[in-house]
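Each residue of the sequence shown is one higher than the one before, counting from 1 in the numbering used here. Note that beta-carbon positions come from the ideal geometry of N, C-alpha and C, so glycine has one too. The structure presented is a predicted model; accordingly, all values stated were derived computationally and were not measured. A short write-up of the structure that comes next.
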Amino acid sequence: MPRAGSAVTRTRTAAMGVLFMLTAAACGGGNDGLLDDTSADKPIAAVDYLLTEGPETVGLYASATEEGEDDSPTDMFDAELAACLGQPAEAINPPALDTAVSATFSDQDSSATQDETVEAGSLAATYTREQVRTLAAVLAHSDYLTCQNKSLDSEADLESDVEMTELSTPDGALAAYRVTFGDAAYLDMVHFGRGRVFSTLIVNGSGVNGQRPDTALVERLAEQIARKLRDQ
């Protein structure tokens with residue numbers, strides 16, 4: 001079974017070689033995704049803010065992660081995005097204090113032979129409060145989505161049309177997006193930032209005809225992560 005980020009990694013490798021591991025409107029919609037935790041700072045670990053087995057993952061099969069490079073929820077905030085937004089690269093991708101990757105949750109067990117699958121996982125990182133606010137401000141930039149799509153368009157080895165669109169934001173999250181790879185794969189991302197934690201939920205649907213992630217499933221998984229960030 002693949003690691004949490006492998007759905008992204010496989011799609012990225014096959015389609016374009018860009019990082020889609022991991023926010024746009026930091027306000028609006030009644031969400032409290034960026035409200036600071038006002039309690040005194042205490043030691044925290046990124047692993048405590050990952051998607052884990054629970055009522056929200058019933059019906060999904062969990063598998064252990066594999067070692068990989070894509071361990072930060074800000075891997076997609078690269079120099080090209082910074083240049084497009086007119087920001088220094090180091091400002092939009094500060095070094096994390098701690099990072100963690102969840103298990104992979106799939107709608108098929110390891111013995112399944114079906115071509116179409118849905119996989120979910122999450123990435124989390126801890127920062128200073130100011131850095132989390134800075135990340136949210138970058139993601140709230142009015143040109144964020146346009147710049148991400150320009151990056152996709154600039155890839156010379158794309159084998160299918162690729163487009164990022166904005167989705168309805170689940171409660172407690174900053175924003176949500178879907179990256180569509182023609183009709184072959186769909187990658188939904190939900191981004192969270194609160195206190196000293198930045199986290200991203202990834203739900204990937206792929207296969208012969210491409211399986212769109214179920215909105216109810218995405219919202220259910222997002223609620224678990226949002227709750228953990230509130231409790232930090």
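Judged by DSSP secondary structure, Arg129 falls within the alpha helix (DSSP H) whose first and last residues are 129-139. Counting only the Cα atoms, Leu174 lies some 11 Å from Ala137. The C-beta distance from Ala46 to Thr99 rounds to 5 Å, short enough to fall under 8 Å. Sorting Gly86, Pro73, Arg129 by C-alpha distance to the C-alpha of Cys147 places Gly86 at the top. Of the residues assessed, Arg196 falls on the buried side of the cut-off, its CB having 16 or more other CB atoms within 10 angstroms. Buried is the label assigned to Gly172, since at least 16 other Cβ atoms lie within 10 Å of its Cβ. The beta carbon of Gln224 lies closer than 7 Å to those of Leu51, Gly54, Glu56 in the same chain, with the five residues before and after it left out.
Counting along the chain, no beta strand (DSSP E) covers Val218; the unbroken alpha helix (DSSP H) around it starts and ends at 215-230.
Taken atom to atom, the span from the alpha-carbon of Tyr127 to that of Glu219 is near 25 Å. Per DSSP, the beta bridge partners of Ala62 are Phe105. Cβ-Cβ distances below 6 Å link Phe77 to Ile92, Asn93 in the same chain, with the five nearest sequence neighbours on each side left out; the list follows chain order. Membership of Thr146 in the alpha helix (DSSP H) is indicated by the continuous run 144-153.
The beta-bridge partner set that DSSP reports for Ser72 is empty.
Cβ contact annotation for Ala64 (same chain, cutoff 7 Å, sequence separation greater than five): Ala103, in chain order. Less than 8 Å divides the Cβ of Ser122 from the Cβ of Ser199. Secondary structure note for Ala83: its alpha helix (DSSP H) is the uninterrupted segment 79-85.
Cα atoms of Pro170 and Glu119: separation of roughly 19 Å, rounded to the nearest angstrom. DSSP lists Val197 as the beta-bridge partner residues of Arg194. When C-alpha distances from Ala176 are compared across Val203, Ala185, Arg194, the shortest belongs to Val203.
For the pair Leu145 and Glu166, the CB atoms are nearer than the 8 Å cut-off. The continuous alpha helix (DSSP H) containing Glu90 extends over residues 89-92. For Leu123, the uninterrupted beta strand (DSSP E) segment begins and ends at 117-126. Bridge partners of Ile202 according to DSSP: Gly121, Met189.
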